[in-house]
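Sequence order for the protein chains is H and E.
Start counting the first sequence at 1; every next residue gets the next number (the working numbering).
Start counting the second sequence at 316; every next residue gets the next number (the working numbering).
Report on one structure; see the data block that follows.
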Amino acid sequence: MKRYILRRVGLAIPTLFLVSVIVFGMMRLMPGDVVTRMVEGHGYAPTLDALRRDLGLDRPVHVQYLDWVGGIVLRGDFGRSYWTRQPILDEFLRRFPVTLELAALTILVSVVIGVVIGIVSATRQDTAADYLGRVFAILALSVPYFGLAVLVVVLPSIYFKWTPVWTYVGITRDPLENLKIMLVPALVFGVTRAGPIMRIMRSALLDVLRQDYIRTAWSKGLSERTIVLRHALKNALIPVITLIGLQMPLYIGGSVIIEAIFRLPGIGLFFFEALTKLDYPVVQSVNFIVAALVVGLNLAIDLSYAFLDPRIRYR
Amino acid sequence: MRRLTIFVLVSAVTALAAAAPALAQTPKRGGVLRVAEREAPSLDPHLSISFLTHSYVSLVYSQLVRFPNGPEQKSPTDFSILPDLAEKWTVSRDGKTYTFNLRKGVRFHNKPPVNGREVVAEDVKYSLERFVAKSGFNTRFEPVVGIEAVDRHTVRITLKEPYAPFLNHLANPSFCVILPREAEEKFKDFNHPDALIGTGPFVLKSYDKGVRVVFDRNPDYFMKGLPYLDGVVIDITPDAAARLSVLRAGKAELPHIWGWISPEEAKSLKKTSPEMVVQPYQVIGQGFIYMRTDQPPFNDVRVRRALSLAIDRKAWNDALLFGEGCIDAGPVPCALKEWKLDASALDPAQAKALLGYDPTEAKRLLTEAGLGKGFTTPMFHWPGYVPPWRSYYELAADNLGKIGVTVELKPEEYGKYISTTQLGKYEKMAMGPSTPFTEVDDFLYGRYAAELPTNLSHVADAELHKMLVAQRREMDPKKRKQIVDDIQRYLADKAYYIYVPQWPQYVAHPPYVKGFQHHDGYGLGMRLAYTWLDK
Numbered sequence: 001m002k003r004y005i006l007r008r009v010g011l012a013i014p015t016l017f018l019v020s021v022i023v024f025g026m027m028r029l030m031p032g033d034v035v036t037r038m039v040e041g042h043g044y045a046p047t048l049d050a051l052r053r054d055l056g057l058d059r060p061v062h063v064q065y066l067d068w069v070g071g072i073v074l075r076g077d078f079g080r081s082y083w084t085r086q087p088i089l090d091e092f093l094r095r096f097p098v099t100l101e102l103a104a105l106t107i108l109v110s111v112v113i114g115v116v117i118g119i120v121s122a123t124r125q126d127t128a129a130d131y132l133g134r135v136f137a138i139l140a141l142s143v144p145y146f147g148l149a150v151l152v153v154v155l156p157s158i159y160f161k162w163t164p165v166w167t168y169v170g171i172t173r174d175p176l177e178n179l180k181i182m183l184v185p186a187l188v189f190g191v192t193r194a195g196p197i198m199r200i201m202r203s204a205l206l207d208v209l210r211q212d213y214i215r216t217a218w219s220k221g222l223s224e225r226t227i228v229l230r231h232a233l234k235n236a237l238i239p240v241i242t243l244i245g246l247q248m249p250l251y252i253g254g255s256v257i258i259e260a261i262f263r264l265p266g267i268g269l270f271f272f273e274a275l276t277k278l279d280y281p282v283v284q285s286v287n288f289i290v291a292a293l294v295v296g297l298n299l300a301i302d303l304s305y306a307f308l309d310p311r312i313r314y315r
Numbered sequence: 316m317r318r319l320t321i322f323v324l325v326s327a328v329t330a331l332a333a334a335a336p337a338l339a340q341t342p343k344r345g346g347v348l349r350v351a352e353r354e355a356p357s358l359d360p361h362l363s364i365s366f367l368t369h370s371y372v373s374l375v376y377s378q379l380v381r382f383p384n385g386p387e388q389k390s391p392t393d394f395s396i397l398p399d400l401a402e403k404w405t406v407s408r409d410g411k412t413y414t415f416n417l418r419k420g421v422r423f424h425n426k427p428p429v430n431g432r433e434v435v436a437e438d439v440k441y442s443l444e445r446f447v448a449k450s451g452f453n454t455r456f457e458p459v460v461g462i463e464a465v466d467r468h469t470v471r472i473t474l475k476e477p478y479a480p481f482l483n484h485l486a487n488p489s490f491c492v493i494l495p496r497e498a499e500e501k502f503k504d505f506n507h508p509d510a511l512i513g514t515g516p517f518v519l520k521s522y523d524k525g526v527r528v529v530f531d532r533n534p535d536y537f538m539k540g541l542p543y544l545d546g547v548v549i550d551i552t553p554d555a556a557a558r559l560s561v562l563r564a565g566k567a568e569l570p571h572i573w574g575w576i577s578p579e580e581a582k583s584l585k586k587t588s589p590e591m592v593v594q595p596y597q598v599i600g601q602g603f604i605y606m607r608t609d610q611p612p613f614n615d616v617r618v619r620r621a622l623s624l625a626i627d628r629k630a631w632n633d634a635l636l637f638g639e640g641c642i643d644a645g646p647v648p649c650a651l652k653e654w655k656l657d658a659s660a661l662d663p664a665q666a667k668a669l670l671g672y673d674p675t676e677a678k679r680l681l682t683e684a685g686l687g688k689g690f691t692t693p694m695f696h697w698p699g700y701v702p703p704w705r706s707y708y709e710l711a712a713d714n715l716g717k718i719g720v721t722v723e724l725k726p727e728e729y730g731k732y733i734s735t736t737q738l739g740k741y742e743k744m745a746m747g748p749s750t751p752f753t754e755v756d757d758f759l760y761g762r763y764a765a766e767l768p769t770n771l772s773h774v775a776d777a778e779l780h781k782m783l784v785a786q787r788r789e790m791d792p793k794k795r796k797q798i799v800d801d802i803q804r805y806l807a808d809k810a811y812y813i814y815v816p817q818w819p820q821y822v823a824h825p826p827y828v829k830g831f832q833h834h835d836g837y838g839l840g841m842r843l844a845y846t847w848l849d850k
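Set out below in structure tokens:
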């Protein structure tokens, strides 16, 4: 086990090294230059050169790379934003919980809606309830979440002089106020993500309900509720869970627009704005931290198998 | 005697009638004004040229001199010069030495490490020298050769030559705010919220990044009685639709740092929220097609005139700007009325080349230039500018196509656009808006003087250059205006840039917001110092 963990950690190092090289290189390959972006065509050569020196951009690229990576590895220093000159890690740690909370609530909303409608649709196949459920799924699939978000923000403001846009309050400061702020964005995002979950849930449940062991359960005289919830649902949920896993990048990626519309100070917006401002250190470091988190999470999941299933042994 | 009595009575009634609304409009103290706006990219006024940065920090800082605001201003483009930290100033007869006498007893905000110490001449010297060393706008100080603290309250600035735009640049909050040296020494620059220490009407209370910025009234502000508001809150709202929604829902008083909304939004807001004040302003702004006039085919004036005659400006104005735009948008923008030479004062043939629409004549000119079969040109641009820009690019391509000029629209990513096309590094042709400058020199010398990166059309015209230099060296405003008029006459039919219509800007706020007057001078602090809430 110890050797396995060491080997996996060892494998993570080249992965993160590659990530660092790719994000660093990609930023340098982006068209434009952060210094001219900062002065937007107003600065003349001497000012631009001074700014480049100030930001350390006059040094050779490999020196800049080593400086950045060296800061992370040796001092845990992810650098400072070129624009705000503030430490990136502080800003990341402040913003990351907002995006995580939004993603968690969105998953919760999409799973609850998708699974419930999926079950009703499958158990009432070809009835009005099924058709309604399918119409909902198609609607949820075809309405873009950013369009729905704008409608939810704009329409009540026109007709009721009300809008679900509040000033963000952290969960630790006031959990109830925080929930009020996060609920509408999570509902909007979650509803549009519930469509695919509902469709998969329905088809998986229909498949399971035709299995022999379900027929046996019926013949034993069990109630529909017991058959569906205790015998069929568990097996039908496997593809749903796979789908949620596959949708994870969408939850994080989609947070950019949701955060902008509902003015949530999350990581998506931080990253997006840094990208448009060519704030190299922010884009590099945020990418690197997220990649490190994914690598760490995968490792944790792999290790958890051993605890969940005693038949699995690592060498 | 009777006549006199009647006259006195009538005068008294008239005076009372005139005073009544004024009395009703006596500003009230108190209240907090909420603004929905994007986050400023940074807070250091010298390390960013963003209008958001300068608008945010203008609440906190003062300058030596400033533009009028609120009841002081005659129009949104009134750029007369008023005292700010300098209570008076003198200019030497040769126009090369400016001496400023500072107000005595003005103190920085009472925050560490400055702790409310008095503003002195050394602070002015430090701030202006830092501007020269660091700001992207520092070319405005190119003629400055010396900044000297003569004594505790006197600053002398020496120029190498007379420079008429100098006071305007000093009054521009984007350039010359006065900063305390201790804050930079402690925080390395002025980006840290705790470094935001000035002498302006508001004091930064808190900055929750990505969420909200809170300013309190400065109780020690040197303009007694101002500001009227107890505070200002900027709620960070990145999305434009959300900004308008919070205005409608009563969660913000301004849907933009200057209260701006687009013409389409103004129409919609008037319909859905008729109680809102929606005021149109002709603001400084300009858009143009620019081209490599140093290379064929655009080095031929007939080709450039043909392009100008192909643009149906009236149709653009009617279709996209509800007929409210200004067609005569260049070379001096419509809103810079003090300097603008109206097209009616031009020779009709010249005016036609500047503003006219005549595709038949355009085709004839192209044939005369040997391009009767037309030609193909790329048009570089950034598609992300606010409406109606995307429609502008398409309309330009369509109009030019009708005279045989095939335009290939070449959208660029912003970083690339700003660091290449916007610096004049492009092939053949490009299109986009101009920065709304406050000084006419930026629209003339800046756009037409040879070798400048802002000379986007690569104009190299010796006769014009002489006039451009002369207007910036002429210190007598009347004589300077004559030269500026001559330049406009000279440029009218040269078509170095093809100017397109400019739209009015709408300012929206609830009716209880009083005294908020738009001014094109970039600062928000003084605008809000005169703003009050009638509720």
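Glycine residues also receive a C-beta, built at the ideal position from the N, C-alpha and C atoms.
So what does DSSP say about residue i, is it helix, strand or coil?
i       : result
I626(E) : coil
I119(H) : helix
W704(E) : helix
V9(H)   : helix
D531(E) : strand
M38(H)  : helix
Q284(H) : helix
Q832(E) : coil
Q340(E) : coil
S142(H) : helix
G461(E) : strand
H780(E) : helix
M26(H)  : helix
D33(H)  : coil
Going along the chain, which residues of its own chain have a beta-carbon closer than 8 Å to the beta-carbon of residue i, five neighbours each way excluded?
i       : result
D49(H)  : D58
P156(H) : W162, T163 and P164
V256(H) : G268, L269, F271 and F272
Below 6 Å CB to CB, which residues in the same chain sit around residue i once its five sequence neighbours on both sides are set aside?
i       : result
A137(H) : G195, M198 and R199
D808(E) : Q665 and A668
W847(E) : P342, K343, Y543, K829 and G830
Does residue i come within less than 9 Å of chain E when only Cβ atoms are used?
i       : result
M198(H) : no
G266(H) : yes
K277(H) : yes
K161(H) : yes
E101(H) : no
S157(H) : yes
Need the endpoints of the beta strand (DSSP E) that residue i sits in, please.
i       : result
T412(E) : T412 to L417
E728(E) : Neither: E728(E) is in no beta strand (DSSP E) and is coded neither H nor E.
H824(E) : Q820 to H824
W166(H) : Run containing W166(H): none; DSSP gives neither H nor E here.
M746(E) : M744 to S749
9 Å is my cut-off, CB to CB: does residue i come that close to chain H?
i       : result
A526(E) : In the sequence as presented, Ala is not what sits at residue 526(E); that position holds Val. Cβ-Cβ to chain H under 9 Å: yes for V526(E).
S588(E) : yes
K850(E) : no
S450(E) : yes
P336(E) : Because P336(E) carries a pLDDT of 45, less than 50, the predicted location of this residue cannot be relied on, and no value is offered for it.
Can you pull the chain C neighbours of residue i, defined as C-beta to C-beta under 9 Å?
i       : result
D504(E) : Of the chains in the structure shown, none is chain C; the protein chains are H and E.
What are the boundary residues of the alpha helix (DSSP H) that includes residue i?
i       : result
R215(H) : D212 to S219
G253(H) : L233 to G253
H62(H)  : V61 to R75
M198(H) : P175 to L209
Ignore the nearest five residues each way along the sequence and tell me which others in residue i's own chain have a CB closer than 7 Å to its CB.
i       : result
P648(E) : I599, G600, Q601, F758 and Q817
V755(E) : V647, L651, W654 and V799
Tell me the start and end of each unbroken beta strand (DSSP E) in the segment 556-635 of chain E that is at least 3 residues and wholly inside, in chain order. 592-596 and 601-606
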